[in-house]
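Working notes, beginning with the structure itself.
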Amino acid sequence: MTFRNGLDSLLRPEDSVLLLIDHQPFQLANLNSHDPQAVINNVTALAKLAKAFNVPTILTSVLAARGGLLFRQITDVFPGQEVIDRTWVNTWQDEKVVDLVKDTGRKQLIIAGLWSEVCVAMPVIQALGEGWDVTVITDASGGSSTESHQVAIQRMIAAGANMMTWMALAGEWQRDWARTEHVEELTEVLISHMGGSGIAYLWEQQLLNTPVSTAQGVGAYPSPV
Numbered sequence: 216m217t218f219r220n221g222l223d224s225l226l227r228p229e230d231s232v233l234l235l236i237d238h239q240p241f242q243l244a245n246l247n248s249h250d251p252q253a254v255i256n257n258v259t260a261l262a263k264l265a266k267a268f269n270v271p272t273i274l275t276s277v278l279a280a281r282g283g284l285l286f287r288q289i290t291d292v293f294p295g296q297e298v299i300d301r302t303w304v305n306t307w308q309d310e311k312v313v314d315l316v317k318d319t320g321r322k323q324l325i326i327a328g329l330w331s332e333v334c335v336a337m338p339v340i341q342a343l344g345e346g347w348d349v350t351v352i353t354d355a356s357g358g359s360s361t362e363s364h365q366v367a368i369q370r371m372i373a374a375g376a377n378m379m380t381w382m383a384l385a386g387e388w389q390r391d392w393a394r395t396e397h398v399e400e401l402t403e404v405l406i407s408h409m410g411g412s413g414i415a416y417l418w419e420q421q422l423l424n425t426p427v428s429t430a431q432g433v434g435a436y437p438s439p440v
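Residues in the sequence shown are numbered consecutively from 216, following my numbering.
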């Protein structure tokens, strides 16, 4: 196994391209490895992150007339963008999708999709064999069972894939808080999709902007009124 380590192994927005695969109602109906609501939240956060960091994103579905359109939460992030509808189960055998990825000129390929054991594993394993640096966002993906998802992850790791969550990806793309060009957009994603951390941030802003009455004395809590 080739170990993934060193600074160059970390993901960079300028070298990344995101591929979102088959986040559709049919697949969601039998998603049993994760809370479906969590996967919708996480993939929406992932899409917003990509847009915030100017990472090219390819959207694709399979047999949408039968399996349903991509989640609106995703397509709303990229209004007017074409969703490539495939017949191939393995996305990496669809020439249109692969050509769009190649046209970006980027080699850090990031993938999330439903289900992990089928529509994620197949393109990941093929792309790895063709020399791509592939990362799977596990919490924006999911399988038809917990076992299916976990075995798919093990299989992809054995093939050389990197595994991350969307929040880990956000940290690697941001990397340095002195880089301020994306901080505002990143903060909005965290507020909307990071649960308690987002609420805590808003609370912090509230407290920082709440005047303390002099009648309360130094160190007293601010008045709730």
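Every residue, glycine too, gets a C-beta built ideally from N, C-alpha and C.
If you're wondering where the values come from, they're calculated on a predicted model, not measured in any experiment.
Residues sharing a beta bridge with residue i, DSSP
i, result
"Arg301", "Val277"
"Ser231", "Gln323"
"Gly344", "For Gly344, which the question treats as bridged, DSSP gives no partner whatsoever."
"Gly221", "Paired residue(s): none; Gly221 is not in a bridge."
"Gly328", "Ile236"
"Met337", "Bridge partners of Met337: none, in fact."
CB contact flag (residue i, residue j, <7 Å)
i, j, result
"Ser224", "Val270", "no"
"Ala336", "Met379", "no"
"Ala355", "Ala327", "yes"
"Ser276", "Val254", "no"
"Gln341", "Trp307", "yes"
"Ala260", "His408", "yes"
"His238", "Phe268", "no"
"Gly413", "Leu405", "yes"
Host alpha helix (DSSP H) of residue i (start-end)
i, result
"Ala383", "381-389"
"Asp237", "Taken as a continuous stretch (DSSP letters only), Asp237 belongs to no alpha helix (DSSP H), as it is neither H nor E."
"Val270", "Where Val270 is concerned, there is no enclosing alpha helix (DSSP H), given that its DSSP letter is neither H nor E."
"Asp318", "310-318"
"Gln420", "411-423"
"Gln369", "361-374"
"Thr290", "287-290"
Residue i: first and last residue of the uninterrupted beta strand (DSSP E) it sits in
i, result
"Thr350", "348-352"
Own chain residues within Cβ distance below 6 Å of residue i, not counting five before or after
i, result
"Gln323", "Leu226, Asp230, Ser231, Asp348"
"Val292", "Ala262, Lys263, Lys266"
"Ile325", "Ser231, Leu233, Thr350"
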